[in-house]
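Protein chains in written order, with numbering that gives the first Met the number 0: chain A, 0 to 290; chain B, 0 to 342; chain C, 0 to 229; chain D, 0 to 479.
Virtual Cβ for every residue (Gly too), placed ideally from N, Cα, C.
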Amino acid sequence: MIEKLNNLDRRWIFLLMFLAVAVPIYVIGKTGKTFPETPSALAKATFDAIDDLPDGSRILLAFDFDPASEGELGPMATAFVRQCAEKKHKMYFLALWPVGPQLIQANIEKVILPDFPSYEYGRDYVNLGFKSGNEGVIKVIVTDLAQLYPADIKGTPVEKIPMMDGIRNIQAMDLIVNVSAGYPGTKEWVQYAVTPYPDKIRIVAGCTGVQAPLLYPYIPQQLPGLLGAIKGAAEYEKLVNDRYGGPHPDPKYLEGLRRMGPQLVAHILMILLIIAGNTLFFLQRRRGTSR
Amino acid sequence: MKRETTVWLVVMLVGLAMLVAKGVVSGVGREYVQTEQKRFVQVEVPPPIGADADEKPTTQWLPAADAAARSLTPVPGSTELGWTAESPVTPRAYWEGMKADPSRTDLRLSVPRTIGLWVAAFFTLAIFSFLYRDNPFYKIAEACVVGVSAAYWMVVGFWDVIMPNMMAKLSPDSVRWAIPDVTGEPEWAYTVPLVLSIMLLWRLSPKGAWIARWPLAFIIGTTAGLRLVAFLHTDFLAQIRNSILPLAVVDQTAGFQFWPSFNNIVLVGAVLACLVYFFFSFEHKGFVGGVARGGIWVLMITFGAGFGYTVMGRIALLAIRLEFLMDNWLWLIDPTNIHTKIT
Amino acid sequence: MKRLIPLWITAVSGILLIVAYFIPAWESWGEKATIWFDVLAASAFVLGGGNLLKLHLRKVSNRQAGWAYSAVTVAAFVVTLTVGLAKIGVHPSDNNPDFAWSGSYNSSGTAFWWLYEYAFKPLTATMFSLLAFYVASAAFRAFRAKNIEATLLLGTAFIVLLGRTFAGVFLTQWLPESLSGLKLENLTVWIMQVPNTAGTRAIMIGVALGIASTSLKVLLGVDRSYLGSD
Amino acid sequence: MHIKGVDIDHVRIKPPLGGVPWEGVRMARRQRLLLAALAIAAIGMAASAGWADGPAPPTNVVAKDRPWDVGGAVVVSWTSPTTPVESFQILRLMDAAEVKQANRDARVAAASDAAAAVRERLSAEGVAPEDVQLQAREAAQAAAATLLSEQEATAGEPRWTPVAVALGSQTSVVVDRLSDDFPGGYRFQVVAIASDGTRSIPAETTVAVTPSRQPFDGGRLWLAIITVVLCGAVLTFIAAARRGMPLKIRKIAGLAAVDEAVGRATEMGRPVLFIPGTQDMNEIQTLAGITVLSRVGKTAAEYDAQVEVPTSRSLVMTAARETMHAAYLQAGRPDAFNPDLVYYVTDEQFGFVAYLSGMMVREKPAACFYMGAFFAESLILAETGNSVGAIQIAGTAQPAQLPFFVAACDYTLIGEEFFAASAYLSGEPDQLGSLKGQDVGKLIVAGLMVVGCLIATAASITGSEMLEGILSYLKNTMLT
């Protein structure tokens, strides 16, 4: 029996995982209830980094991710855009990942167009689009933005964009907000933008769970705020909703909190699997030694 | 027919029947769009009020309505240009729009997008089917993803790299058909990548394939040069700097701080132990072996933490795919209230 | 000759870039080299794409096992390449309606966008999501307390998994304030900030050294396997 | 940012030609007008000799090019007056082109603000749109004309623009974002501001200064030294190894398994799969992976095993083919080399993984090597490989993926070990020498950390300013 369980067909585990994620999504989708969140210090630091700036500051939003990691990063990106918009910050979007511009556009359509109709493209926000070259792009735009971004994504020359007036490089930004799924991402922004210009460039980031542990060494000197994975997104969403959402925030701003449901159940499943695996292991070993 | 095949056939048929039933009863995934006529005119835009007297008007294309609102006159001889643009709308917006004014023609069901939605759902299920075992659906999905993605990156490389970063630099005039706003003088330095590219593609010729080693050597040399200093600067120096911490933290007002001191001692000790593990000159024996063992333990804790953190992300990825299936495709749930039938 | 010149190219270009890092007037060389690399990598797509076509077409023509799937690959490749390069369905950009090719190749509603949105994206995202299943199976199969190292690995993973959800908060909320450091969510933060930071830092330092010495070996031609032989 | 008397939020600082405004200063369009007004007011105040209440001005104002930098920066220094000072404001003389541009921008902004105000007022009153348009236009023209006449009246006078502020305790400040070819050089003024907001007479520099770019970046001196020391250590040991010095290097578990894995694949008659990561040739890990491949290829050629190398980058395919060709040649079997086994799949990470997963399940390789830079695909590959019963050996420097390889593979080369692997596998003495050089690097790290931590501890306990100074030099000058 133990032998059989030990060599359990992994497809049973796959099935369990499927249910652990699918059932909560269905239940939460039907009822709209979410689990409570207590924001961590890092999420608060990230929130404050944006909130403590005077209204109308310049924020560079670098969306360095792709649809594959939208599950984790989409809610963060949405919440970042919303907080910046609520604070009336000027938003400069760009991407180091080729598919980034689509995600930028999606967030503009999701947050700015419906909820901030008075915001004008080119005055309150601008989408500079994607440039290839990975960290090379960062190295160039810390000193010369126009060299790589002579025009925005629509092809409008930067001279004709009012909010680009007087911006020679990204040192003119009050804060960089980076949403990152890997390389190039937060690490490269820290390496090539923050490290060489520690007094001029500040950054906060939201990243996938896999990256978060690697970025901890940069906290807090080089990276004052960090949101790790969907948990970070949910905590940050809560902070933004508490400040700006009112009693009944729009469901589109609760995506991260909703996604914590399947997360919880799946984590419990993972824990049970580890316990089960070890129980089997010890039972087997005891039998092995008594023989 | 094998028993397993029969079982799967039955499962699929039942699934299909349920899908049809769901479609009949409360609807399944559809995509709607709103069409819009875009018109542009070429106008002379005068300099802004207050500008210097010698500033000249500029010629620009503006949306026709915008130009009319600013009472600008079209450039003589220019014609109005335009096309029909589509933007997606939620089913709810479509229903509400049609309910308010059933004669509207700008709102409609988008056949290509709806087909796309179903194709996407098929591909999603096909990839999931690999978890059970390799099968023809997965093989189709695999063949598609390889073909589409390889070509996708070629197209991106052409339009986003070759055109703006090489052709536009070498000869701005030659790319104006695709990048009309390109400016600047030809930069002859960019003949270097052009020549290197040609050498690289020389490999395709039957003779002198070794020519292709030159660009390869250039790439590897520049990479090695760039990485060597960059990593020493950012990862090496900066990480030593971050590890210089007081082992006894004394606050001038509050006195000795136990926990910060403890954390600093653990951190510095752990970094040193790990470094000993990576030391190549000594065998892991005796004292060195003991410290190296401690180093491995720290690494294992690091890996455990990394694993735990990463799991979160992976589950979110699965969640978003299942949300796609349940929300966008099957319309089983509607957390953002976009496709629940209005009454 | 066939190896000597490439070795010189490697050495000279690499050493120049190292020196350029310290010389303000040359600092932009590194950036230029990066841009050139991208151009080269983009040109190399012709090699890669050509190789892909060659292999699959050969499979089709030889009627090798699974040739039909190779045909699908070829078809998907050719269709995507054609609609992307020909900008099928792309409207001109708003600023330049008189230039038919000025629109973005991936703007919404175009054929290329359709392929991206409804094939590329679901396929790759779903492939990515398979990881959720694999982590579960790895947790069951590989996380066993065989020795101290494995126990530390799984113990930490265990705490972090719990500490990053509501379950962790719930399980240890009974702990008094004086022991709040042992609450799972706080323990998780401690693990991340102290041992994890230490381990990651040591790996980073080691990797930086490894990269520096590997780069140096390449520049000096000690390590030259990538250049093949005559 | 607020320092008494210098309300930064309401100062629009015009940057030098094409430059950016000085950091921390926000620019709202309507604030341009305020700047122009402020500049004019400053001149006006000077003219009316209204300094009587202000603090004494600073003396000895000197501007010098900042040494050993990349250019574009100047150090302005002064001697503080004896009276108490809350802060200093530093201003710079604008040249004619800048003044012209600033005037133009101010007029355009004034015109658009005036028009906007009229539009807002009249629309609220319900005036017809055409009339609103007309009146707004007139208001704009009037505003621009008024400002123009003001500007013309003061045309000959020098215009100063604020570029920096300093605290009362400071006696120098770096002004950057300057141009290296500013006509005639830059001139500066320093104004002392008292706690009640009153301003002193401006003190001016006597000599104009032009920033320049030096041949060496002084801020990177220590980086240069450390680079030289590390490279020197590696070179020294390589040279020593070539002269025949015996080098003792510890064993790395996992490397011995490389040959064993290839041997097993030969016995089973199944292929060996080698994946050199998913990154391009501009990643050193890919290079290290390719070096390991040369060893695996050579062993496989000797055993007559089949090595399949799918790559996700065209350039990597090119390099890997060269490597494999050389490996077969070295093994003396160039005819057995089949270039088609080294092939490109797709650049897309998960497209590549989808292909590999299917391929592994179908071909069931006996041994899988993952050597290079890996991302999320690590676990998919390792778990799939595991399910087909392959021996798996991984090596990567991606810390995030190490947990998965450690959990799912038979052997894993962690971080630096991966780079060391190529040296071990080659067995050449000069390659091994480089490992000794790396050890010197680790000794430097350990030494700096121990010394630094001791100084930091002593500084923390004693609170000594000298120790703090040493620590600050170590951290902020040497190690940045």
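Is it true that the CB of residue j sits closer than 8 Å to the CB of residue i?
| i | j | result |
| --- | --- | --- |
| residue 142 of chain D | residue 110 of chain D | yes |
| residue 28 of chain B | residue 13 of chain C | no |
| residue 284 of chain D | residue 372 of chain D | yes |
| residue 469 of chain D | residue 247 of chain B | no |
| residue 474 of chain D | residue 202 of chain B | no |
| residue 122 of chain A | residue 161 of chain A | yes |
| residue 234 of chain A | residue 69 of chain A | no |
| residue 280 of chain B | residue 438 of chain D | yes |
Can you name, in chain order, every residue of its own chain whose Cβ lies under 6 Å from the Cβ of residue i, other than the five neighbours on each side?
| i | result |
| --- | --- |
| residue 272 of chain A | none |
| residue 264 of chain A | 19 and 23 |
Counting only beta-carbon separations shorter than 8 Å, does residue i have a partner in chain C?
| i | result |
| --- | --- |
| residue 300 of chain D | no |
| residue 256 of chain B | no |
| residue 290 of chain A | In this prediction, residue 290 of chain A has a pLDDT of 49, which is less than 50 and means its spatial position is unreliable; what the coordinates show is noted afterwards. Taking Cβ atoms only, chain C never reaches closer than 8 Å to residue 290 of chain A, which makes this a no. |
| residue 16 of chain A | yes |
| residue 440 of chain D | yes |
Indicate whether at least one CB of chain D lies closer than 8 Å to the CB of residue i.
| i | result |
| --- | --- |
| residue 339 of chain B | no |
| residue 44 of chain C | yes |
| residue 59 of chain A | no |
| residue 93 of chain A | no |
| residue 100 of chain A | no |
Output, in chain order, the set of chain C residues within a Cβ distance shorter than 7 Å of residue i.
| i | result |
| --- | --- |
| residue 67 of chain A | 123, 124 and 127 |
Is the shortest distance between the beta-carbon of residue i and the beta-carbons of chain G less than 8 Å?
| i | result |
| --- | --- |
| residue 27 of chain C | Any reference to chain G falls outside this structure, whose protein chains are A, B, C and D. |
With 8 Å set as the bound, which would you pick, yes or no: does the beta-carbon of residue i sit closer than that to a beta-carbon of chain B?
| i | result |
| --- | --- |
| residue 30 of chain D | Reliability of the predicted coordinates at residue 30 of chain D is poor, the pLDDT of 45 falling under 50, and the value obtained from them is presented with this limitation in mind. Not an interface residue. |
| residue 129 of chain A | yes |
| residue 111 of chain C | yes |
So which residues on chain D does residue i lean against when the C-beta distance must stay under 7 Å?
| i | result |
| --- | --- |
| residue 213 of chain C | 283, 286, 287 and 418 |
| residue 181 of chain A | 374 |
Any heavy atom of the ligand FAD closer than 7 Å to the CB of residue i?
| i | result |
| --- | --- |
| residue 198 of chain B | Questions concerning the ligand FAD fall outside what the structure shown contains, since it holds no ligand whatsoever. |
Identify the contact partners of residue i in chain B, using a Cβ-Cβ distance below 7 Å as the criterion.
| i | result |
| --- | --- |
| residue 143 of chain D | 48 and 49 |
| residue 23 of chain C | Here the premise fails: no neighbours, minimum Cβ distance about 14 Å. |
Contact criterion: CB-CB distance below 8 Å. Does residue i meet it with respect to chain A?
| i | result |
| --- | --- |
| residue 5 of chain D | The pLDDT assigned to residue 5 of chain D is 40, lower than 50, so where the model puts this residue is not dependable, and the model offers no usable value. |
| residue 92 of chain C | yes |
Leaving out the 5 sequence neighbours to the left and right, which residues in its chain are closer than 8 Å to residue i when beta-carbon positions are compared?
| i | result |
| --- | --- |
| residue 234 of chain D | 436 |
| residue 130 of chain D | 121 |
Along chain C, which residues have their Cβ under 9 Å away from the Cβ of residue i?
| i | result |
| --- | --- |
| residue 201 of chain B | The premise fails here: residue 201 of chain B is roughly 10 Å from chain C at the closest Cβ pair, so nothing lies under 9 Å. |
Excluding five sequence neighbours on each side, which residues of the same chain lie with their C-beta closer than 7 Å to the C-beta of residue i?
| i | result |
| --- | --- |
| residue 320 of chain B | 123 |
| residue 63 of chain A | 94, 95, 96, 99, 177, 178, 179, 180, 183 and 184 |
| residue 227 of chain A | 206, 208 and 211 |
| residue 78 of chain D | 57, 58, 59 and 170 |
| residue 327 of chain D | 296, 300, 333, 335 and 336 |
| residue 387 of chain B | In the structure displayed, chain B extends from 0 to 342; residue 387 of chain B sits before or after that span and is not available. |
For residue i, return the contacting residues in chain D, with the cut-off set at a CB-CB distance below 9 Å.
| i | result |
| --- | --- |
| residue 151 of chain B | 345, 346, 347 and 350 |
Against residue i, what residues of chain A qualify as contacts under a CB-to-CB distance less than 9 Å, listed in chain order?
| i | result |
| --- | --- |
| residue 238 of chain B | 216 |
Using a Cβ cut-off of 8 Å, pull out every chain C residue sitting near residue i, in sequence order please.
| i | result |
| --- | --- |
| residue 130 of chain B | 129 and 132 |
Can you name the residues of chain A whose CB is closer than 8 Å to the CB of residue i?
| i | result |
| --- | --- |
| residue 398 of chain D | 212 and 213 |
List the residues of chain D that residue i touches, going by C-beta distances under 8 Å, in chain order.
| i | result |
| --- | --- |
| residue 139 of chain A | Simply none; closest approach about 14 Å. |
Any residues in the region 144-158 of chain A with a beta carbon nearer than 8 Å to a beta carbon of chain C? Which ones, in chain order? 152, 153, 154 and 155
Name the residues in the region 174-199 of chain D whose C-beta lies less than 9 Å from a C-beta of chain B; which are they? none
Within 9 Å of chain A by C-beta, residues of the region 66-96 of chain C in sequence order: Within the region 66-96 of chain C, 92, 93, 94 and 95 place their CB atoms closer than 9 Å to a CB of chain A, listed in sequence order.
Contact set between the region 271-287 of chain A and chain C, restricted to residues whose Cβ is under 7 Å from the partner: 272, 273, 275, 276, 277 and 280
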